[in-house]
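There are 2 protein chains.
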Amino acid sequence: MAMTRRERQREATIAEIKSVARQQMAQYGTAGLSIRAIAGAMGLTPPALYRYFDNLNELITQLIVENFNALADALAVARDESAGQGGSSGVQMMAALLAYRRWALLHPVDFQLIYGNPIPGYEAPREVTVAPASRTLRIFTELCVAMLASGEIRPTGRYARIPPELEATLQDSLKYAQAPEEHTLALYFGVIGWPRIHGIIMLELFGHIGPIVGDLDVFYRIQVENLMHDLGYRT
Amino acid sequence: MAMTRRERQREATIAEIKSVARQQMAQYGTAGLSIRAIAGAMGLTPPALYRYFDNLNELITQLIVENFNALADALAVARDESAGQGGSSGVQMMAALLAYRRWALLHPVDFQLIYGNPIPGYEAPREVTVAPASRTLRIFTELCVAMLASGEIRPTGRYARIPPELEATLQDSLKYAQAPEEHTLALYFGVIGWPRIHGIIMLELFGHIGPIVGDLDVFYRIQVENLMHDLGYRT
DNA sequence: CTATAATTGTTAACAGCATTAACTTTTCAT
DNA sequence: ATGAAAAGTTAATGCTGTTAACAATTATAG
């Protein structure tokens, strides 16, 4: 890992580019992402940036990857903090679910960059983004595994078993992720739960439900509790 | 409503602009929205379009309004068709919920235009978009009113009563919409249910859950049924 | 220590974008 | 038929990403 002086310099410049890009976006929205603006803020001429990125899309892609990772990290931190305070798997799960929204509200532009339609004409290359993008769901799923194992969640009724039409594909997904087959129900709970909270945040970010329900902190917390309840969580 | 010949011509031109804009967007994504491209396709010079729209943003805004209305219309049609076939309120509700996704899949770009971050640097003026944007939630809410009134939905447990912290604001929202106060629970169900299906579609559109669950038609249908079940719907 | 190569940066230019101003043509109404 | 209103054009401004050609800097090998 020994880096020459120049390599370190280069890494620093790349980091600065991303940092400035992030600032610009936070200030002016996803529209603020402009090669010329970044270069200007760094005291460079625009073409200089092309020594560090093939083009603007590549820069965006790297920002997206970092955002996916930052979100997943935030979830992991929230989970671990909860665990450190002796929180059960269910408590950890709720902590992670709350962290999902907290991160989205703290970094609305970054959240839109990964879960909205970031830049017109730009399509994120799946082969690069899939892995970091999957981390979020995996965290939720793993917590579901723990909750099922500990019996904190005792699913009943419709939620007690996986819909047969979906079971095969879900199991394949687990195989692909090298996870044990018994986790299928947990994965199902993951893909059920994730969109439930994601939709709230999406609509909140664009102001579609805020004015109606008023206190979105409370609303979100209750929906998290509703989700846990529906999955069979009993306090 | 008597229109002069010139007024009719003008309306036709405006309609053509929007139509071409829609085509361009459907083909090249939200990025395809370009004054020059539209003008080119119409055999006009770019500045000519400024006789019909103050600027590109205004055109986008009008497209957004039309999209909100088109989506709500699609829901209403689905609901009415179901009603015409003797469907109960619950069946109508599920028809509307399925229509929400169907419209999104049929018009992915239009859906992103209203529920994603459409164009960088563009922010939809709320005073114009709020009304058409609210129609969707209203349709869901009204169906919840009907389901509650007919007893098709008998909410239990957590869903039996509105969280006290939210009740006041929800009632205010009803007053604003000149709806009777007894509909508060229905409105609550609306703001619960809408994000639940919205999140699925958002994640589906960006390819985040498709590969995992496989058959999204089935997955979505089951989640609609889960939602209905959680709200207290018993077949 | 010097010469050579690699790296980093610059200037100039191209093509595309939205938008405005000034001017011309077309169309309608008095 | 005349004059006003509407529609469309050309020319220009100032943005954008990107490329090519060239200059300066920096590291490495002899």
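Chains A and B are the protein sequences, given in the same order.
Note that the first sequence covers residues 16 to 250 in the working numbering.
Note that the second sequence covers residues 16 to 250 in the working numbering.
Here a beta-carbon is modelled for each residue, glycine too, at the ideal position from N, C-alpha and C.
From a predicted model like this one, the values you see are computed outputs, not experimental measurements.
Look at the segment 178–205 of chain A: the residues with a C-beta under 7 Å from a C-beta of chain B are PRO178, GLU180, LEU181, THR184, LEU185, SER188. Within the segment 226–237 of chain B, the residues whose Cβ lies closer than 8 Å to any Cβ of chain A are, in chain order, PRO226, ILE227, VAL228, GLY229, ASP230, VAL233, PHE234, ILE237. For ASN241 of chain B, the nearest beta carbon of chain A is closer than 7 Å to its own beta carbon.
The shortest C-alpha to C-alpha distance from ARG150 of chain A to any of A:PRO179, A:ILE53, A:TYR115, A:TYR174 is the one to A:TYR115. Remark: three or more beta-carbon pairs, one from each stretch, lie closer than 8 Å, so the segment 82–91 of chain B and the segment 143–163 of chain B are flagged as touching. Going by beta carbons, ALA52 of chain B and THR60 of chain B fall outside the 7 Å limit. Contact annotation for GLY222 of chain B against chain A: ARG141 [CB-CB distance below 8 Å, chain order].
With a minimum length of 4 residues, there is no unbroken run of alpha helix (DSSP H) contained wholly in the segment 152–179 of chain A. Of all residues in the segment 58–90 of chain A, none is placed with a Cβ closer than 8 Å to any Cβ belonging to chain B.
Looking at the DSSP output, TYR248 of chain B shares a beta bridge with B:ILE168.
Sixteen is the threshold: when 16 or more other Cβ atoms of the shown chains lie within 10 Å of the Cβ of GLU157 of chain A, as they do, the residue is buried. Spanning the alpha carbons of LEU231 of chain B and LEU113 of chain B requires a straight line of approximately 12 Å. The C-beta of MET18 of chain B has fewer than 16 other C-beta atoms within 10 Å across all chains shown, which makes the residue exposed.
With a threshold of 16 other beta carbon atoms within 10 Å, ALA183 of chain B falls short and is exposed.
Counting only runs that start and end inside the segment 93–158 of chain A, there is no beta strand (DSSP E) element of at least 3 residues. Contact of HIS244 of chain B with chain A is assigned, a C-beta pair being separated by under 7 Å.
Comparing alpha carbon positions, the residue from B:ALA46, B:MET57, B:GLY44, B:SER49 closest to ALA27 of chain B is B:MET57. Burial of TYR203 of chain B is indicated by the presence of at least 16 other C-beta atoms within 10 angstroms of its C-beta.
The way I'd put it, the segment 186–196 of chain A doesn't touch the segment 239–250 of chain A; fewer than three beta-carbon pairs between them come closer than 8 Å. Chain-order list of chain A residues neighbouring ILE215 of chain B: PRO210, GLY214, by C-beta distance under 8 Å.
Annotation: ALA146 of chain A has no Cβ neighbours in chain B at a cutoff of 7 Å; minimum Cβ distance is about 12 Å.
Secondary structure of THR19 of chain A (DSSP, three-state): coil.
Flagged as an interface residue toward chain A: GLY131 of chain B, by a C-beta distance shorter than 7 Å. Collapsing the DSSP output to three states places TYR67 of chain A in coil.
Counting of Cβ neighbours within 10 angstroms places ALA87 of chain B among the buried residues, the total reaching 16 or more.
If you compare the alpha carbons of B:TYR65, B:ARG23, B:ASN72, B:LEU78 with that of VAL35 of chain B, the shortest gap goes to B:LEU78.
Under the three-state reduction of DSSP, PHE221 of chain A is assigned to coil, being neither helix nor strand.
Under the Cβ criterion (8 Å, minimum of three pairs), the segment 120–127 of chain B counts as touching the segment 40–52 of chain B. Around the beta carbon of ASP187 of chain A, a 10 Å sphere encloses fewer than 16 other beta carbons of the protein chains shown; the residue is thus reported as exposed. With respect to PHE155 of chain B, TRP209 of chain B sits close: the two C-beta atoms are nearer than 7 Å.
At least 7 Å separates the beta-carbon of ALA30 of chain B from that of THR76 of chain B. Under the three-state reduction of DSSP, PRO62 of chain B is assigned to helix.
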